[in-house]
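Novice:
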Amino acid sequence: MRGYILRRLAQSALVIWAVTTVMFVMFRVMPSDPTAILMDRGMTEEAQQRLLQEWGLTGSLWDQYVAYMLNLIQGDFGSSFFYRKPVWEVLFPLIVNTLWVAVPGLLLGAAIGSGLGLLVGWAPRGGRIETTGIYLATIIRGVPNFVIGIAMLALFSSTLGWFPAFGMSSVGVEQEGWRIFSLDFLHHLALPLIAVAIYFLPENLLLMRSGVVENRTEDYIELVRAKGVAPARVAWHAGRNSLLPLITWLFPALAETIAGVIVVEIVFSWPGVGRELVLAVTRQDYPLAQSAFFLLAVLIVVANLAADLLYGKLDPRVVYK
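The sequence shown begins at 163 in my numbering and counts up by one.
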């Protein structure tokens, strides 16, 4: 077990290093010059060189790479070109905003999807409930999340006027400290949260349905039936033992949600890290974009590692070598 964990940690470190290196090189080889819009026209050559040195854009590509990696190891993500302040000060509040949408949205989609999957999987094979559930999951899964978001905006915001169309607070309302739990914040959170939940509902539905269909013919289900247990309780036994694939899927799905919520943040103008990442790439803000990609890569790698280790705890048949 210890050897497996050490190998997985080494593999994870290698993946993070590779992603970080690719992102560094990609931004440096882009033809546009990020300093062109950031330097004042009347700035002297000496002042320009000082700024370039401060931003880590002097010297050869190798020198810049070594300096960047050394700073990264020390937890120094650099300063944003656009905001002129440390990257972490820009990203931290945005990451919190993204988590408000990603985590509850994923959990809500998992809860509703697993419940529907249990219903669909326990229904008679080939019946109306099973057919409708599979078609519904397939249709939703085939629709891009930005289409879901735009449709919700058109219906619930523009047509019915039930929810605000953008942002995380109304004009003039500050969201600081415990004020974030205000009704105004929850009112703005509703549509993005539901959009993320709908997007991840089909996977949970199909995973649970497949597990229930497989478990409903097992011997222990027949034994439970023979004991005279109520049909709803029998279905619960099948559903509980079908949760293993769904639980292990949740960890990498959380990372996928945070990476995929970028589109939702753009559609609803939600001030999260995904929306800021797109803006940073557009502005050629190297430090901010690289740091955002780095954090997403770390999150995805850690989530997959946690899923691998958890699977062995949940299923004793899994043996690590």
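Backbone N, C-alpha and C define an ideal beta-carbon position, used for all residues, glycine too.
Please go through the same chain and pick out, in chain order, the residues whose beta-carbon is closer than 6 Å to the beta-carbon of Leu256, but skip the five residues on each side of it.
Specialist: Within the sequence shown, the letter at position 94 stands for residue 256. The residues are Gly434, Val435, Glu438.
Novice: Which residue from Val440, Glu365, Lys247 puts its Cα closest to that of Leu412?
Specialist: For the purposes of this step, residue 412 is taken as the residue at position 250 of the sequence shown. Nearest C-alpha to Leu412: Glu365.
Novice: Are the beta-carbon atoms belonging to Phe489 and Thr260 less than 8 Å from one another?
Specialist: Outside the displayed range of the chain (163 to 483) lies residue 489, so it cannot be described from this structure.
Novice: Are the Cβ atoms of Phe362 and Phe430 separated by less than 8 Å?
Specialist: For the purposes of this step, residue 362 is taken as the residue at position 200 of the sequence shown. For the purposes of this step, residue 430 is taken as the residue at position 268 of the sequence shown. In this structure, Phe430 does not lie closer than 8 Å to Phe362 by Cβ.
Novice: Report the three-state DSSP secondary structure of Pro255 (helix, strand or coil).
Specialist: By one-based count along the sequence shown, residue 255 stands at place 93. Reduced to three states, the DSSP call for Pro255 is helix.
Novice: Report the rounded CA-to-CA distance for Trp494 versus Gln452, giving the unit in angstroms.
Specialist: A query on residue 494 cannot be resolved here, the shown segment of the chain reaching from 163 to 483 and no further.
Novice: Excluding the 5 residues flanking Val249 on each side, which residues of the same chain have their C-beta closer than 7 Å to its C-beta?
Specialist: Residue mapping note: residue 249 aligns to position 87 of the sequence shown, counting from 1. Cβ neighbours of Val249 beyond the five flanking positions: Phe239, Gly240, Ser241, Ser242, Pro449, Leu450, Ser453.
Novice: First and last residue of the alpha helix (DSSP H) that includes Gly288?
Specialist: Numbered from 1 along the sequence shown, position 126 holds the residue referred to as residue 288. Note, Gly288: premise wrong, no alpha helix (DSSP H); not H, not E.
Novice: Rounded to whole angstroms, what is the Cα-Cα separation between Glu251 and Arg445?
Specialist: For this step, residue 251 is matched to residue 89 along the sequence shown. For this step, residue 445 is matched to residue 283 along the sequence shown. When rounded, the distance between both Cα atoms is 18 Å.
Novice: Terminal residues of the continuous alpha helix (DSSP H) containing Gly311?
Specialist: Within the sequence shown, the letter at position 149 stands for residue 311. Looking at the DSSP string, the run of the alpha helix (DSSP H) that includes Gly311 is 307–314.
Novice: Inspect the beta-carbon positions of Val265 and Leu405 and report whether they are closer than 8 Å.
Specialist: Translated into positions along the sequence shown, residue 265 becomes position 103. Translated into positions along the sequence shown, residue 405 becomes position 243. Their beta carbons are not under 8 Å apart, which means Val265 does not touch Leu405 by this criterion.
Novice: Which residues in the same chain have their Cβ closer than 8 Å to the Cβ of Ser319, if we skip the five residues on either side of it in sequence?
Specialist: The sequence position of residue 319 within the sequence shown is 157, counting from 1. Contacts found: Phe325, Pro326, Ala327, Leu353.
Novice: Which of the three DSSP states is assigned to Ser174 in this structure?
Specialist: On the sequence shown, residue 174 is found 12 positions in, with the first residue counted as 1. Looking at Ser174 - three-state DSSP - the assignment turns out to be helix.
Novice: Give every residue of the same chain whose Cβ lies closer than 7 Å to the Cβ of Leu171, excluding the five residues on either side of it in the sequence, and list them in chain order.
Specialist: Taking the sequence shown and counting its residues from 1, the one referred to as residue 171 is at position 9. Within the same chain, Leu171 has no close Cβ partners at all.
Novice: Looking at the structure shown, is Ser320 part of a helix, part of a strand, or coil, going by DSSP?
Specialist: On the sequence shown, position 158 is the one that residue 320 refers to. Looking at Ser320 - three-state DSSP - the assignment turns out to be helix.
Novice: What do you get for Ala357, buried or exposed, if any count of 16 or more other CB atoms within 10 angstroms of its CB means buried?
Specialist: Numbered from 1 along the sequence shown, position 195 holds the residue referred to as residue 357. Result: buried.
Novice: Are the C-beta of Arg290 and some C-beta of chain C separated by less than 8 Å?
Specialist: Looking at the structure shown, chain C is missing, and only one protein chain is on hand.
Novice: Taking its Cβ as the centre, do 16 or more other Cβ atoms sit within 10 Å of Ala299, making it buried, or is it exposed?
Specialist: The residue given as residue 299 occupies position 137 in the sequence shown. Buried.
Novice: For the segment 218–243, list the alpha helix (DSSP H) runs that are entirely contained and at least 4 residues long, ordered along the chain.
Specialist: Entirely contained in the segment 218–243, the alpha helix (DSSP H) runs reaching 4 residues are, in chain order, 223–235.
Novice: Just to confirm the assignment, what range does the alpha helix (DSSP H) spanning Phe362 have?
Specialist: Here residue 362 corresponds to residue number 200 of the sequence shown, with the count starting at 1. Its alpha helix (DSSP H) spans residues 345–377.
Novice: Can you list, in chain order, the residues of its chain whose CB lies under 7 Å from that of Trp262, leaving out five sequence neighbours each side?
Specialist: Within the sequence shown, the letter at position 100 stands for residue 262. Contacts found: Leu351.
Novice: Using three-state DSSP, classify Pro326 as helix, strand or coil.
Specialist: Taking the sequence shown and counting its residues from 1, the one referred to as residue 326 is at position 164. Three-state result, Pro326: coil.
Novice: How would you call Phe186, buried or exposed, if buried means at least 16 neighbouring beta carbons within 10 angstroms?
Specialist: The sequence position of residue 186 within the sequence shown is 24, counting from 1. Classification for Phe186: buried.
Novice: With a threshold of 16 other CB atoms inside 10 Å of the CB of Thr419, please say whether the residue is buried or exposed.
Specialist: Stepping through the sequence shown from its first residue, residue 419 is reached at position 257. Buried: at least 16 other Cβ atoms inside 10 Å.
Novice: When DSSP labels each residue in this structure, what does Pro393 get in the three-state scheme?
Specialist: The residue labelled residue 393 in the question sits at position 231 within the sequence shown. Pro393: helix per DSSP, three-state reduction.
Novice: Provide the residue span of the alpha helix (DSSP H) that contains Gly436, from first to last.
Specialist: As a working note, residue 436 is residue 274 in the sequence shown. From DSSP, the alpha helix (DSSP H) with Gly436 extends over 435–445.
Novice: Leaving out five residues before and five after Phe308 in sequence, what residues of the same chain have Cβ atoms less than 8 Å from its Cβ?
Specialist: The residue you call residue 308 lines up with position 146 of the sequence shown. Within the same chain, Phe308 has close Cβ partners Val425, Val426, Ile428, Val429.
Novice: Whose CA, out of Ala469, Val374, Leu368, Ile462, lies closest to the CA of Ala175?
Specialist: Position 13 of the sequence shown, counted from the first residue, corresponds to residue 175. Minimum Cα distance to Ala175 is reached at Ile462.
Novice: Given a threshold of 16 other Cβ atoms within 10 Å of its Cβ, counted over all protein chains shown, does Phe254 qualify as buried or as exposed?
Specialist: The count along the sequence shown starts at 1 and reaches residue 254 at position 92. When all chains shown are included, Phe254 counts as exposed.
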